[in-house]
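Numbered according to my numbering, the sequence shown spans residues 2 to 625. First comes the structure, then the notes that go with it.
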Amino acid sequence: MLSIIVPVYNKELFLNECIESIGALNIDEDKIEAIFIDDCSSDNSLKIIEGYKNKYSFLKLIKLEENTGSPAEPRNVGIKNANGKYITFLDADDWLDSIGLPMLLNQAEENNADVAFGHSIKHTDKAISKLGRFTSYKVANDLVPYEINKIFRAVGPPGKIIKRDIIVENKIEFKHMKFGEDKLFFINAISKCKTASMNSTPVYHVNRYSYNQSLVGETNIIEKTHFNLLVLQEVLKLDIPKSAEFQSLSRLVEVDFISRLFNNSRFLKSENKAVFYNLFQQMIDTLNEHDKNVEDYIIGDKYKNIYQMLINKEYEKLFDFIGMLLKGGKADRYVKDNQIHFLMPETIKDYLPMKEELFAVYEGTHLIGNELREVIRVYKAPETTIDQVLLTEINYELNAIEVEFSEDEHRLYVKTEDLSKCDFDFNINLIHDKYKKYTINMNLPNATQTLKLNRQNFKSEFIVNEKKSRKTEAPNKYFTYNPITIGIAKKVNLYKDVEFEERADANVEIGEIIEIKNIGYTKKNTPRLITVDGLVLTANQKFIYRVATSNANRYIYEKPETVIITKECKEYQNRDFSGEALKELKVNEKVAIQKVVASSKGTPRLKTMHGTFITANRNFVKEV
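Pasting the structure below:
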């Protein structure tokens with residue numbers, strides 16, 4: 002029923018989680034196939050995939066003869082070899098939701114949907130949050146996919162399943178591009194679909210932890226925009242419905258050629274702004290060549306202002322406007338007609354006024370009649386509607402409780418007793434206009450330019466006095482297999498037992514590299530990692546990460562007692578080798594080693610018995 006296509010290139014750190022997430026899907030194995038296409042990986046990726054072939058019958062491996070340089074061709078190969086009624090794409094550093102994806106698949110099947118959208122969840126070092134809310138904010142069927150508002154604002158692989166026949170019959174392929182191939186593929190594919198289903202359940206988990214560096218992050222904005230020009234040219238050639246064309250072109254113009262190009266500090270700091278202006282003009286010229294007027298595709302007032310300033314070449318005004326926008330919640334603002342307005346700089350007062358779509362302030366607990374109520378003052382446009390009030394766990398958006406509310410003029414009322422439903426720390430979120438999220442504030446904005454008010458833009462945080470046992474855990478939070486070698490991302494402790502009842506004397510530090518012998522489990526079945534020394538530490542991936550040792554021929558990963566210097570190198574005070582070196586180390590000098598640590602970029606270092614740091618590169622040091 003479902004083909005899962007996974008392009009792979011040097012993803013050994015993440016493949017175990019990726020593959021295990023497919024194996025954990027709440028669906029019969031004979032109804033899925035997972036096609037892994039290895040793009041000539043130089044690390045242990047291939048070995049890891051092959052190690053799972055006996056465990057999972059659904060796993061298929063295709064090895065490409067030459068590296069293609071992007072996920073495009075591996076995905077195309079996957080499509081050609083797919084047999085499922087539906088296709089979904091999975092990046093090798095991400096993972097699927099065991100419950101959400103099968104639910105979405107069943108929903109699509111039952112409603113014969115050409116395409117189905119579910120929630121994608123972003124995982125970072127600081128928080129877990131939802132992506133692309135507009136694509137999956139409710140349970141719905143028989144939708145026209147390209148008429149869903151802003152559907153082309155999220156056009157990557159995550160959270161989508163699509164009928165294979167749609168792709169094959171329309172000969173839709175990923176273009177060989179370093180950037181933007183996803184955008185073009187899904188604009189074309191979704192536009193060819195006639196029916197869609199939508200579900201608000203998480204189906205896909207995006208790995209954006211700091212130790213995972215993506216290709217997108219390595220591509221600069223100028224290079225990206227050149228690729229976006231190619232995407233624009235290709236979209237203009239597509240034979241798609243008018244509403245699909247409008248939505249896709251609006252996305253390209255507003256997001257890729259206005260917001261990402263200009264609405265950022267990178268543009269303001271650039272010494273060569275002419276290249277930005279030239280790219281913008283190339284976009285306009287491309288549209289003109291196809292008898293398209295760029296203004297027709299600019300909807301938001303913010304984008305209209307930036308466009309007019311660019312067209313008028315009022316660059317100083319543009320800098321003032323973007324500078325104001327970048328201040329965000331710290332910008333000078335005032336209340337007018339029950340809406341928050343930005344205090345526009347004098348230079349741009351003739352342009353469209355900027356207003357907050359919604360602003361809400363917590364006004365505390367009030368006794369109303371004989372009941373205690375939490376009161377929220379709301380500032381909004383008359384057409385803006387409040388749909389839900391959610392008590393959302395801080396930094397973990399998946400854990401939220403909806404509470405009833407009443408609305409009277411410009412205030413919302415929530416029963417005080419309903420706050421006790423939470424056994425976790427939370428913010429109060431308002432969901433408005435179907436899917437948009439807003440976190441209520443503790444303070445009103447001000448436009449007092451000669452004074453500074455402390456604690457402005459402070460979000461309301463409700464902290465539970467006595468925490469009950471957690472009812473929910475973040476998906477894929479723990480290692481469930483032996484990662485072999487791990488690095489320490491945050492401060493942790495070592496213990497002598499899996500229940501963490503007795504602390505060990507040994508200390509660990511951020512960046513330290515530790516060898517793992519196996520996995521143990523608590524009485525409540527929580528995974529723990531057991532080191533080669535027999536000590537125990539957390540398996541929680543918020544605190545630790547897997548270290549790739551495929552460079553073991555180049556770097557030392559296992560702690561030596563002593564090393565001898567084979568080539569002159571330097572000794573530093575810190576693991577990042579920043580600042581001046583402490584001393585020069587001479588050839589044949591012996592150095593006693595305390596432990597192996599990683600720099601903030603993941604490069605192995607040796608920490609000496611003196612607490613200083615030297616290279617772990619085998620070209621410079623050798624174990625004694």
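All C-beta atoms, glycine included, are put in the ideal place defined by N, C-alpha and C.
Below 7 Å between beta carbons: does that hold for residue i and residue j?
i      : j      : result
Leu106 : Leu3   : yes
Thr523 : Val493 : no
Arg576 : Leu14  : no
Phe59  : Ala83  : no
Phe37  : Ile50  : yes
Pro561 : Ile517 : no
Ser260 : Tyr363 : no
Asn430 : Thr440 : yes
Phe228 : Phe180 : yes
Asp95  : Val207 : yes
Tyr205 : Pro242 : no
Lys303 : Thr348 : no
Phe578 : Ala490 : no
Ala593 : Thr616 : no
Asn541 : Lys438 : no
Ser130 : Glu398 : yes
Tyr298 : Ser266 : no
Val236 : Ser249 : yes
Gln450 : Asp333 : yes
Asp40  : Leu47  : no
Identify every residue that forms a DSSP beta bridge with residue i.
i      : result
Phe118 : Lys161, Met199
Gly521 : Arg529
Ala593 : Thr563
Glu408 : Leu413
Gln340 : Lys337
Leu399 : Answer is none; Leu399 lacks a bridge partner.
Ser130 : Lys123
Tyr513 : Before going on, a small fix: residue 513 reads as Glu here, not Tyr. Paired residue(s): Val598.
Pro146 : Its beta-bridge partners do not exist; DSSP assigns none.
Ile88  : Ser4, Ile163
Thr616 : Arg606
Tyr546 : Gly488
Cys570 : Leu586
Leu538 : Leu530
Ala141 : Met199
His433 : Ile387, Lys437
Lys460 : Asn442
Phe427 : Glu394, Phe463
Lys64  : Asp39
Val622 : Ile566
Would you grab the beta carbon distance between residue i and residue j for me? Rounded to a whole angstrom, and I think it's under 8 Å.
i      : j      : result
Val390 : Glu513 : About 44 Å; that fails the 8 Å criterion.
Tyr147 : Ile191 : 6 Å
Lys54  : Leu65  : Contact flag wrong, Cβ pair sits at about 17 Å.
Val509 : Leu530 : Not really, about 12 Å apart at Cβ, beyond 8 Å.
Asn11  : Ser43  : 6 Å
Leu583 : Thr609 : That belief does not hold up - the Cβ atoms of Leu583 and Thr609 are roughly 10 Å apart, past 8 Å.
Val537 : Lys497 : 7 Å
Asn17  : Tyr482 : 5 Å
Thr550 : Thr486 : 5 Å
Arg555 : Arg606 : Not a contact, Cβ separation roughly 13 Å.
Met178 : Ser71  : 7 Å
Leu353 : Thr385 : Wrong, their Cβ atoms sit about 18 Å apart, outside the cutoff.
Asn68  : Asn112 : Contact doesn't hold; Cβ gap of about 40 Å is too wide.
Tyr278 : Leu311 : 7 Å
Between residue i and chain C, is there a C-beta pair that is closer than 7 Å?
i     : result
Asn82 : Note that chain C does not occur in the displayed structure, where there is just one protein chain.
Exercise. Count the CB pairs spanning the segment 173 to 186 and the segment 282 to 291 that are closer than 8 Å, and state whether there are at least three.
Key: Under the 8 Å Cβ criterion, the segment 173 to 186 does not count as touching the segment 282 to 291, having fewer than three qualifying pairs.
Practice problem: Determine, using beta-carbon pairs with one atom in the segment 128 to 143 and one in the segment 198 to 210, whether at least three such pairs fall under 8 Å. | Solution: Enough Cβ pairs lie closer than 8 Å, so yes.
Quiz item: Just checking, does the segment 452 to 468 make contact with the segment 333 to 345 on the three C-beta pairs under 8 Å criterion?
Solution: No, because fewer than three Cβ pairs between the segment 452 to 468 and the segment 333 to 345 fall closer than 8 Å, the two stretches do not touch.
Exercise. Evaluate contact between the segment 155 to 166 and the segment 85 to 101, counting only Cβ atoms and requiring at least three cross-stretch pairs below 8 Å.
Key: In short, these stretches touch, since the Cβ pair count reaches three.
Practice problem: May I ask you to verify whether the segment 375 to 390 touches the segment 410 to 420, counting CB pairs closer than 8 Å and requiring at least 3? | Solution: Contact holds: three or more Cβ-Cβ distances are below 8 Å.
Quiz prompt | Three-pair Cβ contact test at 8 Å for the segment 549 to 569 versus the segment 499 to 509 | solution = Contact fails between the segment 549 to 569 and the segment 499 to 509, because fewer than three Cβ pairs, one in each stretch, are under 8 Å apart.
Quiz item: Between the segment 421 to 428 and the segment 381 to 401, are three or more C-beta pairs nearer than 8 Å?
Solution: Cβ pair count under 8 Å is three or more, so yes.
Quiz prompt | 4 or more residues per run - each alpha helix (DSSP H) lying fully within the segment 310 to 383 | solution = Residue ranges of uninterrupted alpha helix (DSSP H) with 4 or more members, entirely inside the segment 310 to 383 and ordered along the chain, are 316 to 328.
Quiz prompt | alpha helix (DSSP H) segments (min. 4 residues) lying fully within the segment 2 to 61 | solution = Entirely contained in the segment 2 to 61, the alpha helix (DSSP H) runs reaching 4 residues are, in chain order, 16 to 24, 46 to 52.
Exercise. Return the chain-ordered ranges of every alpha helix (DSSP H) run that is complete within the segment 216 to 270 and spans a minimum of 4 residues.
Key: Restricting attention to alpha helix (DSSP H) runs no shorter than 4 residues, the segment 216 to 270 encloses them at 216 to 219, 222 to 238, 243 to 252, 266 to 270, ordered along the chain.
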